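A short worksheet on the structure shown next.
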Amino acid sequence: MAVYSFKGGVHPKGNKELTAEKALTELIPQGDMVYPLSQHIGKPAAPVVKKNDMVLAGQLIAQADGFISANIHSACSGKVKAIDRRLNASGVPCDCIVIENDGQFTPAPGVGEPVDYSGFTPQEIIAKIKDAGIVGLGGAGFPTNVKMMPKNPEEIRYIIANGAECEPGITCDDRLMREHTDWVVEGLKIVLSIFPNAKGVIAIEDNKPGAIKAMEEAVKGNEKLSVLTLKTKYPQGGERNLVHAVTGMYMESGALPASLGVIVDNVATLAAIYRAVAYNEPIMTKGFTATGDAFNNPGNFTVRLGTSLKEIVEAAGGLKEGAKKIILGGPMMGPAISNLDAPIVKANNALTAYMEDEVEKAELQMNACIRCGRCTRVCPLGLMPQQMAKACERGDIERFVKLSGADCIQCGTCSFICPAKRPLTQLFKQTKPVAMSYIRMQAQKKEA
Amino acid sequence: MEEKRLFNLTSSPHLRSEHTVTSEMLNVIIALLPATVFAVFHFGLHSLLVILMSVVSACLTEFVFDYIAKKPNTLMDGSAIVTGLLLALCLPPSVPLYIPYIGSLFAVLFAKCMFGGLGKNFMNPALAGRAFLLISFGKVMTDYSTDALSGATPLAILNEGRTVNIGDMFLGNVSGHIGVSVCLLLIGGIYLIWKGTIKWLIPVSTLGSFVILMALFGTEGFDVKYLLTELCGGGIVLGAFFMATDPVTSPMAEINQIIYGCFIGFLSMIFRTKSGMADGTSYAIIVANMVVPMLDKYIVPHPFGIGKKGQTLPVPGDDTKKKGLALPTSAVLLAAITLIAGVALAGANALTVDKIAENQLAKKLESYASVIPGAEEFGYDDEVVKAIEGFDGGIYGGGSYGKSYINEAVVGKDASGNPVGYAVSVTNMEGFDGEITLSVGFDTEGTVLGIEFTVINETAGMGMLATEASWKAQFAGVKTDSFILNKGGGSTAANEIDSVSGASVTSGAVVNAVNAAVNFYQTYLAA
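Take a look at the structure:
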């Protein structure tokens, strides 16, 4: 079997076995449901409900404001308790709609009813995706309907279903592909119906044989669909690396996959598209993994958006005494958080809790850079983190930009591999915004 | 609800690999261990003392420096041990113990600590220490005899023109510096590449370019045995795998690693073939180390995808498109580059070889024309050709004319085809700098018409004065059985030749060559 990959990358401990065989179980939220108005890239949505309004599950509560924005729906029935500023998971205040959950989950009219979508035109499908408020569920949160409207739909040759799930520990996409294989495959077929010349490729890392088998069976006989096994390596699911692994093409920095005739969608996004088109169901639930050695009972859950993280922690058996760190997402890219009152939003897919903080230990082992070059070897974008870090440390933005530092996706591989335990990714996170403004400034100078 | 807990807030990634600086250094020590143990058994106990002294001195220097400079103790990173061990491996096994002590002290103090410690040094400390020792204690540093083994190193033996057993060299069963076992060093190097501790492109490009350049410009050319001997001799393998790859002083980007490796290979070749030293790998690496900051600064590779977007869309599910990627692309690239460079250089060499031969031919014809002034064309006489073939390349006249050889003889004819004279090309090997080849012209009566040099490499301003027209003119117009060299000058007789002042060896060789030609004329050409 051909195993597709890219150059560089690392092999962090997978720890997927903690939850890989834990089926998705539905989590019934008890407390208030909170909906930040900005769960996506672009402008925050505009609320369409007022305080004390009664809402039903699947009802629109905030509307997309502008082209790049997304609708937000309530995932429960109840009363709008407040529209005010609350802290999100990272501790940043943001505007939220708070709904007092009545525990009934009464669906709004039409939501969840099967629809015959065989005669839908591409425009109708894209409208459905837009109405359902679907955004990239892999983490980026880019409005999916915008992605489905490239300038040149007939030139799109590939739809890549991203089932790589390369972050250590997370297994909810794996479970989704095994338990709801048809949602993903049908979702992919719906997207293919928008692009007449495209073929669908479901790309899965080879550490998920169950998902690969299920998908291969589901696509059997359909010549437009195929399953591609990727080598298990982090960050295999990164968009530029994934496009390269699947098609052999290189995405330039700043380019969109569509410019190469490729559209990449997370498998969870495709499942949501299927639910939206075939069942008229806006995005209300998603797969979610709670993992790490600090949970008493790690597992996979189908959670309703807006559920408090605290309820997830409880569903996973609670935290062990002495848990040191909680990460929203996977350990390679997810931010460490302290506020468990925050809700789950569209782009979240995991909560990782650790008894030990490796970063804390690493700081004690920190050493001078010995220029071993491991960071350069593993960087999935072929950058030179060691040189970039040197530029950051002396504040040389020009050099940082010359080294293509602005291309850094902050995947964390360099910090992971560094024998001297240098905080490379961390430096780049600080410097990248400065570098971006420097680039803009240079561009303006050129124009002037 | 449970009470509020405090969690650590740090920036991602939250995982760290198992690599540490100490583990990297430990890998190097493990890789060097087989060769070190072998050396102790091969050279005896004293070499163990040298190794220990070197390591202890390196560690002590670092410890004391850290203490005095009030810096955190950095002994635990293990780099001082590596420096000490590497330095010991390139010392002769029987050096007195103050040598490793001073070498390690210099290496750690001046090449590392003073530049800010680990990661800040600009050249490999062990090599800096070795260079310092070679300059300061040249005699003991080049004395490779031990109680167990005496005599010269393989490279020194080669310089004397004797041969050595490559198998022994590969295994390390010869005299040399402590890290003498090429085979065990190679195993260590491969271990480091497998562990990812060293950048594999550096040893590959260093050794690759070294072999290619030695084949092109070495004394033996493309001779497998010679090349293997050069590879196994001296410190090139130790240098390529353990010193050139010193992470601190080697470049980051792959392209720079190739340039750096080839530069070391090039310098090693120059130092080996052109300098008086038997082996200059250590200096080659030091010089290349100094180029690294510039390489890092000015040659920045394109990141992912830049300049590669012009690919056509492959057909989904078509597996053939991926075949090329199964091989490590950089390895293929490197192989291709070295192959092309090798072919190009070999081609250039072949072309110049032809050119040189062509030039010599032209020179020879020119000389014939100048020594038989009346001749319009030249021809061979079958019998004379046969006679020369009969010498079978042997010395002419059984040594009566020194080491003289008759190359060929031609008949000069005028426009109407009548013979007007003869030219004999003769070589004498006893010039001050070896070969002197000249043509001697005779008229049909046996009078010498003149001589002309075709090959002469004597000392400028001395032996080369033989090529002056006035000196050559002494031979012209004389008919004699034998010329006599007059070393004192002021000749009176026609067949006496004044020696070129201060170049009696050259003059003697020329006179012997001309006499050989005269004798040849009288024996084979005189009608």
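So the sequence lines, in the order shown, correspond to chains R and U. No gaps in the numbering here: position 49 of the first sequence is 93 in my numbering, and each next residue is one more. No gaps in the numbering here: position 15 of the second sequence is 6 in my numbering, and each next residue is one more. C-beta: ideal position from N, C-alpha, C; glycine also. For clarity, every value in this text was computed on a predicted model and none was experimentally measured.
Item                                                                                                                                : Value
Nearest candidate by alpha-carbon position, reference ASP309/R, set GLY183/R, ILE461/R, ASP226/R and GLU296/R                       : GLY183/R
Buried versus exposed, by CB contacts within 10 Å (16 or more), ILE72/R                                                             : exposed
Proximity below 8 angstroms, CB of ILE363/U to CB of VAL411/U                                                                       : yes
Secondary structure of GLY425/U, DSSP reduced to three states                                                                       : strand
Test item: CB-CB of MET16/U and GLY94/U under 8 angstroms                                                                           : no
Proximal residues of chain U, C-beta to C-beta of GLY496/R below 8 angstroms                                                        : With chain R running from 45 to 492 in the structure shown, residue 496/R is simply not present.
8 angstroms Cβ cutoff, PRO477/R in contact with chain U                                                                             : no
PRO292/U versus VAL446/U - alpha carbon distance                                                                                    : 50 angstroms
Backbone secondary structure at ASN506/U - three-state DSSP                                                                         : helix
Exposed unless 16 or more other CB atoms sit within 10 angstroms - verdict on PHE444/R                                              : buried
Host alpha helix (DSSP H) of PRO166/R (start-end)                                                                                   : 166 to 175
Chain U contacts from the segment 399 to 411 of chain R (Cβ-Cβ distance under 9 angstroms)                                          : ASP401, GLU402, VAL403, GLU404, LYS405, ALA406, GLU407, GLN409 and ASN411
Helix, strand or coil at ARG348/R according to DSSP, with G and I counted as helix                                                  : strand
Coil, strand or helix - ILE85/R by DSSP                                                                                             : coil
Cβ-based contacts, 9 angstroms cut-off: residues of the segment 102 to 133 of chain U near chain R                                  : GLY107, GLY108, LEU109, GLY110 and LYS111
First through last residue of the beta strand (DSSP E) which encompasses ALA400/U                                                   : 395 to 404
Residue burial classification, VAL228/U (beta-carbon count within 10 angstroms, cutoff 16)                                          : buried
Beta-carbon proximity check, GLU223/R vs ALA322/R, cutoff 8 angstroms                                                               : no
Cβ shell of GLY156/R (< 8 angstroms), same chain only, five flanking positions each side left out                                   : GLY102, TYR323, ASN324 and GLU325
Any C-beta of chain R under 8 angstroms from that of LEU66/U                                                                        : no
Of the listed residues LYS60/R, PRO187/R and GLY58/R, nearest to ALA108/R (C-alpha basis)                                           : PRO187/R
Limits of the beta strand (DSSP E) - the one that LYS123/R falls within                                                             : 122 to 131
CB-CB length for HIS519/U against PRO375/R, believed under 8 angstroms                                                              : Because chain U spans -8 through 518 in this model, residue 519/U falls outside it and cannot be assessed.
Under 7 angstroms from the C-beta of GLN430/R: neighbouring residues of chain U                                                     : MET243
Inside the segment 345 to 399 of chain R only - alpha helix (DSSP H) runs reaching at least 4 residues                              : 353 to 359
Where LYS195/R falls, given that 16 or more other Cβ within 10 Å makes a residue buried                                             : exposed
Coil, strand or helix - SER118/R by DSSP                                                                                            : coil
At least three beta-carbon pairs within less than 8 angstroms, the segment 38 to 46 of chain U to the segment 404 to 420 of chain R : no
Residues sharing a beta bridge with LYS243/R, DSSP                                                                                  : TYR202/R
N- and C-terminal bounds of the alpha helix (DSSP H) containing THR197/U                                                            : 192 to 208
Contact belief for LEU131/R with THR335/R at Cβ below 8 angstroms, rounded distance in angstroms                                    : Actually they do not touch by this definition, with Cβ atoms about 24 angstroms apart.
Closer than 8 angstroms at the beta carbon, the chain U residues around PRO382/R                                                    : Per the sequence shown, the amino acid found at residue 382/R is Ser instead of Pro. Correct list: LEU(-3), PHE(-2) and LEU0.
Contacts of SER85/U in chain R (Cβ-Cβ under 7 angstroms)                                                                            : Near SER85/U there are no residues of chain R at all, since even the closest Cβ is about 34 angstroms away, more than 7 angstroms.
Straight-line Cα distance separating LEU82/U from THR220/U                                                                          : 20 angstroms
Within the segment 413 to 496 of chain U, ranges of the beta strand (DSSP E) (whole runs, at least 3 residues)                      : 425 to 434, 439 to 447, 475 to 477 and 487 to 489
Own chain partners of MET293/R with C-beta closer than 8 angstroms, once the 5 adjacent residues on each side are dropped           : VAL287, LEU304 and VAL306
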